[in-house]
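Enquirer:
In UniProt numbering, the protein residues as written are 1 to 153.
Shown next as structure tokens:
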């Protein structure tokens, strides 16, 4: 199973748990590197996220993951807030952050590069519009490996 298929499987198990506890599931990262696998679940709430909230979600998620066993072998489960440099996972999240600076890494090079930093200008179909200096790029959401908002202080 590819990584996006594994993430979809994990979302189907974990999103209902997060929502039942009163939080939003911001996104899930599944990073399998040899023998070490990391499952990171980002939770969000309008009032913020406490350590206790992360612990509660972690306990419930661990119980379900132990029963369903979707990850073979050992793995580390992390539950956290998306933070100020929040990662973006879905098109609607990009739409919510129009006008903000972001760093984007692509799965494969586009015009000879994988890394972009610029202002999110919007979405068009399944593409993210990113303005880098005086050039706008249409980056397909499926080609984006990672995107983080660059916080303004």
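Glycine included, every Cβ here is placed at the ideal spot set by N, Cα and C.
1) Let's see if you can read the secondary structure: which residues bound the alpha helix (DSSP H) around residue 64?
2) Compute the Euclidean distance between the alpha carbons of residue 10 and residue 28, then round it to the nearest angstrom.
3) For residue 18 and residue 76, I'd like the C-alpha separation in whole angstroms.
4) Go to residue 5, then tell me how far its alpha helix (DSSP H) extends in each direction, as first and last residue.
5) When you compare only the Cα positions, how much space is there between residue 13 and residue 43?
6) Output the distance between the C-alpha atoms of residue 117 and residue 140, rounded to the nearest integer angstrom.
7) For residue 113 and residue 67, I'd like the C-alpha separation in whole angstroms.
8) Is it the case that the Cβ atoms of residue 129 and residue 138 are separated by a distance below 9 Å?
9) Decide if residue 132 is buried, meaning its Cβ has at least 16 other Cβ atoms within 10 Å, or exposed.
10) Quick check: the Cα distance between residue 97 and residue 105, rounded to an integer number of angstroms?
11) Measure the Cβ-Cβ separation of residue 80 and residue 49 and say whether it is below 9 Å.
Expert: Result, derived from the coordinates:
1) Under the DSSP assignment, residue 64 falls in the alpha helix (DSSP H) whose first and last residues are 51-68.
2) The C-alpha of residue 28 is placed about 8 Å away from the C-alpha of residue 10.
3) Roughly 18 Å between the two C-alpha positions.
4) 3-20
5) Going by the C-alpha atoms only, they are around 14 Å apart.
6) CA-CA distance, residue 117 to residue 140, rounds to 15 Å.
7) 42 Å
8) yes
9) Per the 10 Å Cβ criterion, exposed.
10) 17 Å
11) yes
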